[in-house]
Amino acid sequence: MMILQFWLGAILLLIIASVIFLIPFLGAKNNTKSSSHDKRNQLNRALYDVRVAEIEKDDEQGLLIDKDKIINELQHNLLDDINDQQVASVGNKSKLIWLPGLLVLTLGSIAMYWSVGAYQEVNNWQNTLHRYPALQDKLFNDPDARPTEQDLRDIMLGLRTQLANDANDADGWLLYSRLGMVFKDTELALDAIKKAYALTPESVDVVLVYAQLKMQKGDEYSQQQAEMMLAQLLADNPTELQAWSMYAFMALEKQDFSAAIQRWTQMLTLVDSDSEQAGMLRDSIDYANTQMQSQDSDAMSTSNSSLPTVQQSTQKTLESATLDEAGKPIYTVNISISDAVLVPESGFLIVYAQAVSGPKMPIAAVKFALTTLPVSTQISDANAMMQGMKLSDQSEFVIKARLSKSGNVMNKEGDWQGTSTVIEAGQLTPINIVISEQL
Numbered sequence: 078m079m080i081l082q083f084w085l086g087a088i089l090l091l092i093i094a095s096v097i098f099l100i101p102f103l104g105a106k107n108n109t110k111s112s113s114h115d116k117r118n119q120l121n122r123a124l125y126d127v128r129v130a131e132i133e134k135d136d137e138q139g140l141l142i143d144k145d146k147i148i149n150e151l152q153h154n155l156l157d158d159i160n161d162q163q164v165a166s167v168g169n170k171s172k173l174i175w176l177p178g179l180l181v182l183t184l185g186s187i188a189m190y191w192s193v194g195a196y197q198e199v200n201n202w203q204n205t206l207h208r209y210p211a212l213q214d215k216l217f218n219d220p221d222a223r224p225t226e227q228d229l230r231d232i233m234l235g236l237r238t239q240l241a242n243d244a245n246d247a248d249g250w251l252l253y254s255r256l257g258m259v260f261k262d263t264e265l266a267l268d269a270i271k272k273a274y275a276l277t278p279e280s281v282d283v284v285l286v287y288a289q290l291k292m293q294k295g296d297e298y299s300q301q302q303a304e305m306m307l308a309q310l311l312a313d314n315p316t317e318l319q320a321w322s323m324y325a326f327m328a329l330e331k332q333d334f335s336a337a338i339q340r341w342t343q344m345l346t347l348v349d350s351d352s353e354q355a356g357m358l359r360d361s362i363d364y365a366n367t368q369m370q371s372q373d374s375d376a377m378s379t380s381n382s383s384l385p386t387v388q389q390s391t392q393k394t395l396e397s398a399t400l401d402e403a404g405k406p407i408y409t410v411n412i413s414i415s416d417a418v419l420v421p422e423s424g425f426l427i428v429y430a431q432a433v434s435g436p437k438m439p440i441a442a443v444k445f446a447l448t449t450l451p452v453s454t455q456i457s458d459a460n461a462m463m464q465g466m467k468l469s470d471q472s473e474f475v476i477k478a479r480l481s482k483s484g485n486v487m488n489k490e491g492d493w494q495g496t497s498t499v500i501e502a503g504q505l506t507p508i509n510i511v512i513s514e515q516l
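Using the working numbering, the first residue of the sequence shown is number 78, and each one after it goes up by one.
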């Protein structure tokens, strides 16, 4: 709307200025008349000089009785034919005709910019930049500070200006993302945290915020990404309480009470047993246990007859599988590649197990430097990604093998991957995987 007003005003000013500046040209005819008038005046003066000279000669010859009277009459006639004042007035008006146009153009431009221009916004932006260092100090260095909403918005504006000049400031992008979350602008926050993650993918704070924003999006794909990010983070930082808390909440939200209990139990080992936080964790575990017992009661009433058969089948298979010292199965995985796969010169081979139904984060995984393919490896409870979640607890799962350039399970664009068929617990025969799919 303001742009439309600007262009309409600009066109109107241009028309007015054009009309005013064209007035001298429209009066060109009058100027021509004035020029003719000047020539007539010059001719009258010349005739006057000639007549005076003749009178002088006649007077010398004694032909005139009253010379002075004749000359006075001649002068009066000349004055009647010449009007110098009118010519001067016309000339002055022609010279000053541009002043009103210049005045209209100048004042009109100022008025239009004041009404539809960005003067106020630019002025506020400059004032905010001037206050930005003090606002930063207030927010980060004053423990008693209570910044207002306007203070936070001003910090966002100053920070965005700073990031425009230094786009490689990962901490700045992280703070900008958190401020976006404060104002419930999820898209802005997600865009900022992506930039921070691209700069420092190993940062715990960045991964936590990124996972939280993925969880808030709500779609299944984003939830799976968040879960994998947290699983990878906890594999590298097993004592990170905030990550465990988010991880447990994700399980609770999906009503996977068993996984939630396992994760809260792990958190109990990381906090003081007498602390308030420990009490809250125990209450959460009791709640999940109650909900899980309720689920089990419902399941028993609907499938009581089929459960023994499944248990007997699983137990029979386990007895014939390759077992570890605890009597749990060890699975042999043979990995090969198709002819279309472009094997990177350096990288990693990641092999991980994933539940068929339930959370999509890796249950167990092995990773080693890329070697000549095909290759064989083994995976079991010894390769569990986290305490309390074992491969032997799964009745069905799949195993995936990925050629990874970075070694990070989250950075998978351009990697090649293969997936096994559904594996039943305790499978004796080797598991064959062909890597053929590019991600």
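Glycine residues also receive a C-beta, built at the ideal position from the N, C-alpha and C atoms.
These numbers were taken from a predicted model, which means no experiment stands behind them.
Identified DSSP bridge partners for residue i
i           : result
residue 427 : 444, 479
residue 408 : 456
residue 497 : In the DSSP output, where bridge partners are listed per residue, residue 497 has none listed.
residue 432 : 474
residue 508 : 410
residue 514 : 494
residue 358 : Beta-bridge pairing links residue 358 to no other residue.
residue 400 : 406
Anticipated Cβ contact below 8 angstroms, residue i with residue j, distance rounded
i           : j           : result
residue 240 : residue 231 : With 8 angstroms as the limit, residue 240 and residue 231 do not qualify as a contact, their Cβ atoms being about 15 angstroms apart.
residue 460 : residue 441 : 4 angstroms
residue 337 : residue 303 : With a Cβ gap of about 15 angstroms, residue 337 and residue 303 do not count as contacting.
residue 269 : residue 283 : So it is not a contact: roughly 10 angstroms between Cβ atoms.
residue 430 : residue 468 : 5 angstroms
residue 144 : residue 136 : 5 angstroms
residue 288 : residue 307 : 5 angstroms
residue 347 : residue 310 : No, residue 347 and residue 310 are not in contact; Cβ-Cβ is about 15 angstroms, not under 8 angstroms.
residue 265 : residue 249 : So it is not a contact: roughly 14 angstroms between Cβ atoms.
residue 349 : residue 405 : Actually they are not in contact, since the Cβ atoms of residue 349 and residue 405 sit about 33 angstroms apart, beyond 8 angstroms.
Residues near residue i in its chain [Cβ-Cβ closer than 6 angstroms; skip 5 each side]
i           : result
residue 515 : 493
residue 414 : 450, 512
residue 95  : none
residue 117 : none
residue 423 : none
residue 367 : none
residue 324 : 307, 340
residue 163 : For residue 163, the predicted model reports a pLDDT of 48, less than 50, meaning its position is unreliable; a value from the coordinates is still stated below. Result list for residue 163: empty, nothing under 6 angstroms.
Pair within 8 angstroms by beta-carbon distance, residue i and residue j
i           : j           : result
residue 322 : residue 344 : yes
residue 510 : residue 456 : no
residue 462 : residue 312 : yes
residue 453 : residue 496 : no
residue 254 : residue 281 : no
residue 419 : residue 447 : no
residue 428 : residue 355 : no
residue 290 : residue 316 : no
residue 57  : residue 334 : No statement about residue 57 is possible, as the shown extent of the chain runs from 78 to 516 and does not include it.
residue 276 : residue 256 : no
residue 482 : residue 421 : yes
residue 341 : residue 361 : yes
Cβ-based neighbour list, residue i, same chain, cut-off 7 angstroms, excluding 5 preceding and 5 following
i           : result
residue 433 : 473, 474, 475, 499
residue 393 : Its pLDDT being 38, under 50, residue 393 is placed unreliably in this model, and the coordinates cannot settle the point.
residue 382 : Any answer about residue 382 is weak, because its pLDDT of 44 lies below 50 and its placement is not dependable; what the coordinates show is given next. Closer than 7 angstroms at Cβ, skipping near neighbours: no residue.
residue 490 : 516
Cut-off 8 angstroms between Cβ atoms - residues of its own chain near residue i, not counting five sequence neighbours on either side
i           : result
residue 314 : 281, 320
residue 148 : 129, 132
residue 37  : This structure gives no information on residue 37, because the portion of the chain shown stretches from 78 to 516.
residue 445 : 425, 426, 454
residue 243 : 249
Contact test: residue i Cβ vs the ligand FMN heavy atom, cutoff 7 angstroms
i           : result
residue 278 : By its list of ligands, the structure shown contains no ligand whatsoever, and the ligand FMN lies outside what it can speak to.
### Task
Go through the region 234-312 residue by residue and report every complete run of the alpha helix (DSSP H) that reaches 4 residues or more, in order.
247-259, 263-276, 281-294
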